[in-house]
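Position one of the sequence shown corresponds to residue -8 (the working numbering), numbered consecutively onward.
Glycine included, each C-beta is placed from N, C-alpha and C at the ideal position.
Below is one structure; the comments refer to it alone.
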Amino acid sequence: MNILLSNDDGIMSPGIIILKEYLEQKHNVYVVAPDVERSSTGHAITVRNPLWAKEVKFGQVFFGHAVNGTPADCVKIGLDAIYKNIKFDLIVSGINRGANLGTDVLYSGTVSAALEAALNGYPSIAVSCVKYSEPNYEDGAKVVLEIIDKLNFEKWPKFTTLNVNVPPNSYYEIRGMKVTKQSSRRYQDYFEERKDPYGNSYYWMLGNIIEDDPDPESDYNVVKKGYVSVTPLSVFMTKFDFIEELKKFLEE
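Laid out in structure tokens, this is it:
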């Protein structure tokens, strides 16, 4: 297959380098990724500034294109400009350093790159290693290969991506894969005020993780049990079970 590979940690991050190495064992891989880390940029795109795409080489070996934009920008420019003459079968985003569980998907550049691909009609996968310190990228890459081998991308539902979270276990200790739902895992934010040398206030946003979703099939619960969490996501966010009730108040 022809695979377009991107991320939000930047083109020089170990996660994308290792994933490309593994994917190239079986597939043709083309990299378009941010020039620097663009974590937590969500689905932002660049519309009022130009984008540069620069070739990146390791020694004399071409690796991919670095773009001065967001992860969604990278997918857009990769599909519509840099590699517009290539028919891609799959877009993969990652491997991210740290989890993308629950409401993380709203902020995640990793997931947004995959959703941008889905919005353009391509099958896509976002993959993250939940262990932020010393993430197990090689185990994550093996999981991605396994998922690709098992799925039929010719019968992929439109506007759909998979959000994959790999537990901290080694590959041979992972208990398997579980298809999950997006959990209500979220953050209770607070701001720590500090002073600069001139007495002006500035703030650091901090937060505590809230994990109160009792569903055993929710993403973080599955990961805690040592399984890979695979959550199908859509680009559309309509709250269907509220439509009829809302109509009673607004249309009658």
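Linking Met(-8) to Val20 through their CA atoms gives a straight-line distance of about 8 Å.
Non-local C-beta neighbours of Leu110 in its own chain, meaning closer than 8 Å and more than five positions away in sequence, comprise Phe150, Val226, ordered along the chain.
Proximity of the stretch 52 to 72 to the stretch 91 to 107 meets the contact definition, three or more beta-carbon pairs being nearer than 8 Å. In this structure, the beta-carbon distance from Ile116 to Leu70 does not fall below 7 Å. Secondary structure remark: continuous alpha helix (DSSP H) runs of at least 4 residues inside the stretch 42 to 98, in chain order: 62 to 68, 95 to 98. By the Cβ neighbour-count rule, Lys146 is exposed, with fewer than 16 other Cβ atoms within 10 Å of its own. The stretch 169 to 187 makes contact with the stretch 94 to 104: 3 or more CB pairs, one atom from each, lie closer than 8 Å. Counting only residues of its own chain and dropping the five nearest sequence neighbours on each side, Gly60 has a CB closer than 6 Å to the CB of Thr37, Leu42. Within 10 angstroms of the beta-carbon of Lys230 lie fewer than 16 other beta-carbons, which makes it exposed.
Counting every other CB atom within 10 Å of its CB across the protein chains shown gives Ile139 a total of 16 or more, marking it as buried. Straight-line spacing of the CA atoms in Ser161 and Asn127 works out to 7 Å. Around the beta carbon of Asn76, a 10 Å sphere encloses fewer than 16 other beta carbons of the protein chains shown; the residue is thus reported as exposed. Leu136 has its alpha-carbon roughly 26 Å from the corresponding atom of Tyr98.
Here Ser4 carries a coil assignment [DSSP, helix/strand/coil]. Judged by their CB atoms, Val219 and Met168 are nearer to each other than the 7 Å cut-off. For a cut-off of 8 Å, the C-beta gap from Thr32 to Pro62 is around 7 Å, short enough to register as a contact.
The beta carbon of Asp204 sits closer than 8 Å to those of Gly93, Ser174, Ser175, Arg176, Tyr211, Asn212, all from its chain and outside the five residues before and after it, given in chain order. Taking 7 Å as the cut-off, the beta carbon of Ser(-3) is found no closer than this to the beta carbon of Ser119.
In the three-state DSSP reduction, Val213 falls in the helix class (H, G or I).
Distance from the CA of Ser124 to the CA of Ser30, rounded to the nearest whole angstrom, comes to 16 Å.
The alpha carbon of Gln179 has as its nearest neighbour, out of Gly100, Val121, Glu202, Gly190, the alpha carbon of Glu202.
In the DSSP assignment, Tyr113 falls outside any alpha helix (DSSP H), carrying neither H nor E.
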